[in-house]
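The opening residue of the sequence shown carries number 1007 in the working numbering; numbering runs sequentially from there.
Please read the structure below before turning to the comments.
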Amino acid sequence: MLTTTIQQSDGIQKFRLSRDGEQLSYADVVKLWQFDSEFQDDFTSILAASPMTGFRWETPVLSALTSGQPFEFVLVDAPRFATRRTDCQAYEQYFTSSEQDGGIVCFPSLGKDAMLVVPSPWTTADVYGHLATFVRGAPQTQTRALWQVLGRTLSARDQDTPIWVSTAGGGVAWLHVRLDKSPKYYWYAKYRRRSQNS
């Protein structure tokens, strides 16, 4: 059973995850995202249960040095995400109607400094504006697929290169998980560091 430890302050919720009494590491979570549908559903439910109408999701840097550390993440309150119009056109050229990977696609950012993991529209467009609406309204097949593809993409990366995983969303109003070489859109100061301990 998945349990969470939550700290809250100034528009930020911070989470750590445990399963059967054992705290999960970043490496554990990446593997569970790929292969464990129960974990995928539980993780989606944790995000969906946040009282925030919109949020940024940010994780600490993932590297060879941090992969064994306890996994944690923050949700940063972003209420304006809930009031803006969803942008169906920004990533339209990448969308697929294929059921492979649940319609989740991966492609480089415009600046080529990040890989984006993006859902294709399988239901009403409003579901895809940001992560909060996605976890609350997308089909289960697609929420599971998002975590599967994210986990697989993280596992396939160069393990020696630090990577920051987040959803920014301040620019394009369509859910995109960023696998970034730098924390350039991060709001939570502690996670901008290369090491959680620094």
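C-beta atoms are modelled at their ideal positions from N, C-alpha and C, and glycine is treated no differently.
Predicted, not measured: the structure shown is a model, and the values here were computed from it.
Q | Same chain, Cβ closer than 6 angstroms to T1151, neighbours up to 5 away in sequence not counted | A | Here residue 1151 corresponds to residue number 145 of the sequence shown, with the count starting at 1. Going by the sequence as given, residue 1151 is Ala instead of Thr. So the qualifying residues of the chain are D1107, G1108 and I1110.
Q. When DSSP labels each residue in this structure, what does R1025 get in the three-state scheme?
A. In the sequence shown, the residue the question calls residue 1025 occupies position 19. Of the three classes helix, strand and coil, the one that applies to R1025 here is strand, per DSSP.
Q: Go ahead and label M1007 buried or exposed: buried means 16 or more other beta carbons lie within 10 angstroms of its beta carbon, across all protein chains shown.
A: Here residue 1007 refers to the residue found at position 1 when the sequence shown is read from its first residue. Counting Cβ neighbours within 10 Å, M1007 comes out exposed, since fewer than 16 surround it.
Q. Excluding five sequence neighbours on each side, which residues of the same chain lie with their C-beta closer than 8 angstroms to the C-beta of T1059?
A. Numbered from 1 along the sequence shown, position 53 holds the residue referred to as residue 1059. These residues qualify, in order along the chain: P1085, F1087, A1088 and A1138.
Q. Which of helix, strand or coil does DSSP assign to T1102?
A. Counting from 1 along the sequence shown, the entry for residue 1102 is found at position 96. Coil at T1102, not helix or strand.
Q.
Assuming W1170 is part of the beta strand (DSSP E), what are its boundary residues?
A. By 1-based counting over the sequence shown, the position of residue 1170 is 164. Residues W1170 to T1173.
Q. Are the CB atoms of T1092 and D1132 nearer to each other than 7 angstroms?
A. Along the sequence shown, one-based indexing puts residue 1092 at 86. Along the sequence shown, one-based indexing puts residue 1132 at 126. Contact: yes.
Q) In terms of alpha-carbon separation, which member of Q1075, D1164, S1015 and D1186 lies closest to E1028? A) Stepping through the sequence shown from its first residue, residue 1028 is reached at position 22. Among Q1075, D1164, S1015 and D1186, the Cα nearest to that of E1028 belongs to Q1075.
Q: Per DSSP, which residues does D1186 bridge with? Please list them.
A: Taking the sequence shown and counting its residues from 1, the one referred to as residue 1186 is at position 180. Answer is A1120 and W1170, bridged to D1186.
Q: Counting only the same chain and skipping the five closest in sequence on each side, list residues whose C-beta sits under 6 angstroms from that of K1020.
A: Numbered from 1 along the sequence shown, position 14 holds the residue referred to as residue 1020. Excluding residues within five positions, the ones whose Cβ falls inside 6 angstroms are Q1013 and V1080.
Q: Indicate whether the contact test is met: 3 or more Cβ pairs, each with one atom in the stretch 1165-1180 and one in the stretch 1053-1071, closer than 8 angstroms.
A: yes
Q | Beta-carbon separation (whole angstroms), V1124 vs W1180, contact threshold 8 angstroms | A | Taking the first residue of the sequence shown as position 1, residue 1124 is located at position 118. Taking the first residue of the sequence shown as position 1, residue 1180 is located at position 174. With 8 angstroms as the limit, V1124 and W1180 qualify as a contact, their Cβ atoms being about 7 angstroms apart.
(Q) Comparing C-alpha positions only, which one of S1115, Q1099, G1143 and L1068 sits nearest to D1166? (A) Taking the sequence shown and counting its residues from 1, the one referred to as residue 1166 is at position 160. It is L1068.
Q: In angstroms with no decimal places, state the Cα-to-Cα distance between Q1154 and F1041.
A: Position 148 of the sequence shown, counting from 1, holds the residue named residue 1154. Position 35 of the sequence shown, counting from 1, holds the residue named residue 1041. When rounded, the distance between both Cα atoms is 7 angstroms.
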